[in-house]
Amino acid sequence: DVAQEAFIRAYGALDSVKAGHPLRPWLLQIAKNLARNRRRSARRYLAALQRWWTAQPPPTAITAPESADAELLWRAIRQLSVADQEILYLRYFLEMPVAETAAVLAVAEGTVKSRLARALARLRTVIKADFPELQEEGAP
4 DVAQEAFIRA
14 YGALDSVKAG
24 HPLRPWLLQI
34 AKNLARNRRR
44 SARRYLAALQ
54 RWWTAQPPPT
64 AITAPESADA
74 ELLWRAIRQL
84 SVADQEILYL
94 RYFLEMPVAE
104 TAAVLAVAEG
114 TVKSRLARAL
124 ARLRTVIKAD
134 FPELQEEGAP
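Heads up: the sequence shown is residues 4 to 143, going by the working numbering.
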């Protein structure tokens, strides 16, 4: 994406290149600046998502015995990456269908399904390692 954007911007600014100066350093500078901007933008997005996620209270429509398990599950989910937390939250806590989740994340439905499967596998690993009390009786 950055390379394509760099060529588009470079094409639009070709008239600003001084005659006789090499194009490669100029083009690489454009690509470097675009990549840096994308990285900054992604960091800001992830930081905002993390702030939003940690500010969300655990679901409260749960009975007393289930609330302890819900709190443990919430803690287990928070140990996952922001991307895993995001997809689990959209799909299971907000109960969005796969198609709607895909639209929110701007990805294909198949991508949602594969990311969800990987996030659930990582969640199972976290539960097994750190929250064994959440495992069902007889579960591996």
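All C-beta atoms, glycine included, are put in the ideal place defined by N, C-alpha and C.
Predicted, not measured: the structure shown is a model, and the values here were computed from it.
Excluding the five sequence neighbours on either side, which residues of its own chain have a C-beta within less than 8 angstroms of the C-beta of residue i, listed in chain order?
{"i": "Ala79", "result": "Leu126, Val129, Ile130, Asp133, Phe134 and Leu137"}
Sort the options by Cα distance to residue i and report the nearest one.
{"i": "Ala109", "options": "Ala120, Glu89 and Glu98", "result": "Glu89"}
{"i": "Ala122", "options": "His24, Glu112, Glu98 and Ala86", "result": "Ala86"}
{"i": "Leu119", "options": "Ala106, Tyr95 and Val107", "result": "Tyr95"}
Take residue i and list the residues in its own chain whose beta-carbon comes closer than 7 angstroms to its own, dropping the five residues that flank it on each side.
{"i": "Ile33", "result": "Ala9, Arg12 and Ala13"}
Contact defined as beta carbons within less than 8 angstroms: I believe residue i pairs with residue j. What is the distance between those atoms, to the nearest angstrom?
{"i": "Val107", "j": "Leu93", "result": "6 angstroms"}
(message) With three or more C-beta pairs closer than 8 angstroms as the rule, is the segment 5 to 19 touching the segment 30 to 47?
(response) yes
(request) Spell out a yes or no on whether the segment 95 to 104 and the segment 41 to 57 are touching, meaning 3 or more CB-CB pairs, one atom from each, closer than 8 angstroms. (result) no
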